[in-house]
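Since the structure comes first, as structure tokens, the remarks are kept for the end.
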Amino acid sequence: MTYCYSVSASALGENCVRDIECSLPDDLKQERVWCYSGQCSCKKGFIRDGDRCVIGGDCTSDQDCKDLENSLCNIMLRDRAKCTCRDSFVAAANTTLCLPLVHEIGTGCDYSEQCSPNLGKVEYS
């Protein structure tokens, strides 16, 4: 038997019991937020930036970045590791997903950030 539950959305940092209670304005599929230890938090691979979860969460292995498609655990300065986009991928302007770089004029893209620096000043249309 299936039961109906009343679900009210909780923001980052608010109390929760189930993942479905947590929401972000720009993450309707709940790809970056979850209920962790009774509080709405960013998933591994993401870090809180105000009321958003963005690329750059701490990690110890690529597995920690698995919720962010096309990312890996990148060791930064002083042995600190952060989830970043893989080579040939670039962070979207809203820093919530990794997009494939475009290397040729006329190739399809969804965001201007995808246009390779080698292409000069170009935009998608």
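For the sequence shown, full-length UniProt numbering assigns the number 1 to the initial residue and increments by one for each residue that follows. Each residue gets a CB set at the ideal place from its N, CA and C atoms; glycine is no exception.
Contact set for D26: own chain, Cβ-Cβ below 8 Å, skip 5 residues either direction: The sequence position of residue 26 within the sequence shown is 26, counting from 1. Taken in chain order, the residues that qualify are R52, N94 and T96.
From W34, L12, L101 and C115, residue whose alpha carbon lies closest to that of D67: Walking along the sequence shown from the start, residue 67 turns up at place 67. Here the closest residue by C-alpha is W34.
Every unbroken alpha helix (DSSP H) inside the stretch 38-96 [4 residues or more]: none
Cβ neighbours of E113 in the same chain (closer than 8 Å, five flanking residues each side left out): Position 113 of the sequence shown, counting from 1, holds the residue named residue 113. Taken in chain order, the residues that qualify are V90, A91, A92, A93 and L99.
Euclidean distance between Cα positions of R18 and Y36: Translated into positions along the sequence shown, residue 18 becomes position 18. Translated into positions along the sequence shown, residue 36 becomes position 36. If you take the alpha carbons of R18 and Y36, they lie about 9 Å apart.
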